[in-house]
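Numbering (our numbering), first residue to last: 7 to 316.
Following this line, the structure appears as structure tokens:
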């Protein structure tokens with residue numbers, strides 16, 4: 007059992023998190039914006055991808071301990087990034103993180119921020135204070151596993167399918183904008199992203215999800231001729247076979263895939279038209295029935311007081 011399993015929560019826990027004073031769809035919207043800000047901050051600091059994924063995982067774990075009403079998502083994102091620069095051996099100075107933070111919030115170019123800037127001083131303090139709460143929230147557990155590592159192993163089994171690999175990598179990246187990393191183990195998320203990537207890559211004639219994520223292949227009971235080579239899994243079920251998923255695991259893949267598709271379905275397609283085909287995909291029929299957790303982001307962004315930038 008992965009050590010990260012202690013950080014996995016049932017999906018019902020999202021309804022009872024410290025942020026439950028506000029509707030779940032609003033909390034999920036704010037969390038997605040927080041991770042987006044975290045990625046922008048980390049990218050500007052030129053952090054490697056593993057540091058960004060670690061920081062995003064801590065971000066979601068933090069808000070299972072503390073409320074969005076008590077800790078602003080941008081302060082928490084900055085603290086997660088700063089801590090990740092230390093644990094992932096890509097150190098950045100606190101002042102550099104605070105300067106980029108100030109630049110992102112104000113749209114002021116870094117070169118135009120003076121060496122002595124009281125706002126930067128304030129952001130430094132906010133990051134350090136929030137980092138103390140972050141360390142408590144994650145119980146000083148700095149070990150984080152990402153679905154990307156599992157995807158790399160899976161790519162070895164399908165080296166010629168570059169389009170699927172590119173899609174899967176992007177979906178895994180986007181998965182951090184959802185709470186998937188605190189709901190399912192990395193290999194479940196990796197499998198869900200790979201299955202979705204296959205589906206999108208193959209286009210209109212793609213096999214349905216339920217054929218791809220069934221526990222056993224339709225031909226599993228048929229006799230096979232003797233062979234000195236291990237049986238090659240059917241390409242459409244590569245992820246399921248590769249990770250040797252149990253029946254419960256397969257159900258979790260279906261549920262993870264459904265949540266990811268629900269996230270894509272609420273994106274503002276006028277701003278992100280390239281997501282149209284993904285947003286229109288119907289979830290697998292085998293997924294566990296539940297109420298929708300997301301509402302269209304365009305409606306939430308249009309509400310008074312909503313900040314669309316971050």
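Glycine included, C-beta positions come from ideal geometry on N, C-alpha and C.
Source: prediction; values computed, not measured.
Cβ-Cβ distance between residue 216 and residue 291 below 7 angstroms: As a first step, residue 216 is located in the chain shown; it is residue number 210 there, counting from the start. As a first step, residue 291 is located in the chain shown; it is residue number 285 there, counting from the start. For the pair residue 216 and residue 291, the CB atoms are nearer than the 7 angstroms cut-off.
Three-state secondary structure (DSSP) of residue 236: As a first step, residue 236 is located in the chain shown; it is residue number 230 there, counting from the start. Any reading at residue 236 must be qualified, since the residue scores a pLDDT of 35, below 50, and its modelled position is unreliable; no value is offered.
Separation of residue 181 from residue 60, as counted between CA atoms: Position 54 of the chain shown, counted from the start, is the residue given in the question as residue 60. Position 175 of the chain shown, counted from the start, is the residue given in the question as residue 181. Looking at the two C-alpha atoms, the distance is approximately 13 angstroms.
Cut-off 8 angstroms between Cβ atoms - residues of its own chain near residue 49, not counting five sequence neighbours on either side: Start at 1 with the first residue of the chain shown, and residue 49 comes out as number 43. These residues qualify, in order along the chain: 58.
Residue 20 CB to nearest heavy atom of the ligand FMN below 6 angstroms: The model on display carries no ligand, and the ligand FMN is accordingly not part of it.
Validate contact between the segment 185–196 and the segment 90–109 using beta carbons, cut 8 angstroms, 3 pairs: Not touching, per the Cβ criterion.
Other residues of its chain near residue 253: CB distance less than 7 angstroms, five sequence neighbours each side excluded: Residue mapping note: residue 253 aligns to position 247 of the chain shown, counting from 1. 221.
Environment of residue 277 [buried if 16+ CB atoms lie within 10 Å]: Locating residue 277 in the chain shown gives position 271, where the first residue counts as 1. With fewer than 16 Cβ atoms within 10 Å of its Cβ, residue 277 is classed as exposed.
Sequence-distant residues of its chain with Cβ nearer than 7 angstroms to residue 245 (five each side left out): Within the chain shown, numbered from 1, the residue matching residue 245 stands at position 239. So the list reads 160, 197, 200, 201, once near-sequence residues are dropped.
Pair within 7 angstroms by beta-carbon distance, residue 157 and residue 174: The residue labelled residue 157 in the question sits at position 151 within the chain shown. The residue labelled residue 174 in the question sits at position 168 within the chain shown. Cβ distance < 7 angstroms, so residue 157 and residue 174 count as in contact.
Assumed close pair residue 75, residue 25 - CB separation to whole angstroms, cut-off 8 angstroms: As a position in the chain shown, residue 75 is number 69, starting the count at 1. As a position in the chain shown, residue 25 is number 19, starting the count at 1. Correct: roughly 7 angstroms between the Cβ atoms.
Cα-Cα separation between residue 40 and residue 163, rounded to whole angstroms: The residue labelled residue 40 in the question sits at position 34 within the chain shown. The residue labelled residue 163 in the question sits at position 157 within the chain shown. Distance from the CA atom of residue 40 to the CA atom of residue 163, rounded to whole angstroms, is 34 angstroms.
Residue 194 beta carbon less than 7 angstroms from that of residue 260: As a working note, residue 260 is residue 254 in the chain shown. As a working note, residue 194 is residue 188 in the chain shown. Taking 7 angstroms as the Cβ cut-off, residue 260 and residue 194 do not qualify as a contacting pair.
C-alpha distance - residue 144 paired with residue 289, whole-angstrom precision: Residue numbering aside, residue 144 sits at position 138 when the chain shown is read from its first letter. Residue numbering aside, residue 289 sits at position 283 when the chain shown is read from its first letter. Whole-angstrom Cα-Cα distance: 32 angstroms.
Residue nearest to residue 177 in terms of C-alpha spacing, selected from 46, 285, 52, 35: Counted from its first residue, the chain shown places residue 177 at position 171. Nearest option by C-alpha distance: 285.
Residue 246 - DSSP class collapsed to helix/strand/coil: Within the chain shown, residue 246 is the residue found at index 240, counting from 1. Residue 246: helix per DSSP, three-state reduction.
For residue 103 and residue 132, the rounded distance between their alpha carbons: Along the chain shown, read from residue 1 onward, the residue named residue 132 stands at position 126. Along the chain shown, read from residue 1 onward, the residue named residue 103 stands at position 97. Cα to Cα, residue 132 sits roughly 11 angstroms from residue 103.
Segments assigned alpha helix (DSSP H), at least 4 residues, entirely inside the segment 127–205: Along the length of the segment 127–205, whole alpha helix (DSSP H) runs at least 4 residues long occupy 153–163, 168–181, reported in chain order.
Close-in-space but distant-in-sequence residues of the same chain around residue 53 (CB under 6 angstroms, 5 per side omitted): As a position in the chain shown, residue 53 is number 47, starting the count at 1. If we look at residue 53 and ignore the five residues flanking it on each side, its Cβ neighbours are 96.
DSSP three-state assignment for residue 109, whether helix, strand or coil: Position 103 of the chain shown, counting from 1, holds the residue named residue 109. Correct three-state label for residue 109: helix.
Backbone secondary structure at residue 123 - three-state DSSP: As a working note, residue 123 is residue 117 in the chain shown. Reduced to three states, the DSSP call for residue 123 is coil.
For residue 298 and residue 28, the rounded distance between their alpha carbons: Taking the chain shown and counting its residues from 1, the one referred to as residue 28 is at position 22. Taking the chain shown and counting its residues from 1, the one referred to as residue 298 is at position 292. The straight-line gap separating the alpha-carbon atoms of residue 28 and residue 298 is approximately 16 angstroms.
Length of the line joining the Cα atoms of residue 99 and residue 30: Start at 1 with the first residue of the chain shown, and residue 99 comes out as number 93. Start at 1 with the first residue of the chain shown, and residue 30 comes out as number 24. Rounded to whole angstroms, the gap between the alpha carbons of residue 99 and residue 30 is 36 angstroms.
7 angstroms Cβ shell around residue 136 - same chain, five flanking residues per side excluded: On the chain shown, position 130 is the one that residue 136 refers to. If we look at residue 136 and ignore the five residues flanking it on each side, its Cβ neighbours are 77, 81, 82, 85.
First through last residue of the alpha helix (DSSP H) which encompasses residue 56: On the chain shown, position 50 is the one that residue 56 refers to. 55–68 is the extent of the alpha helix (DSSP H) around residue 56.
Buried or exposed (CB count within 10 angstroms, at least 16 for buried), residue 171: For this step, residue 171 is matched to residue 165 along the chain shown. Counting Cβ neighbours within 10 Å, residue 171 comes out buried, since at least 16 surround it.
Residue closest to residue 6, alpha-carbon to alpha-carbon, out of 121, 287, 108: The shown model of the chain, from 7 to 316, leaves out residue 6, and the question about it has no answer.
Burial state of residue 258 (16 or more Cβ within 10 Å): Taking the first residue of the chain shown as 1, we reach residue 258 at position 252. Per the 10 Å Cβ criterion, buried.
Cβ-based neighbour list, residue 153, same chain, cut-off 6 angstroms, excluding 5 preceding and 5 following: Residue 153 sits at position 147 when you count from the first residue of the chain shown. Result list for residue 153: 178, 192, 195, 196, in chain order.
Of the residues 129, 122, 118, 123, the one placed nearest residue 107, counting alpha carbons only: As a first step, residue 107 must be located in the chain shown, where it is residue number 101. Considering only alpha carbons, the answer is 129.
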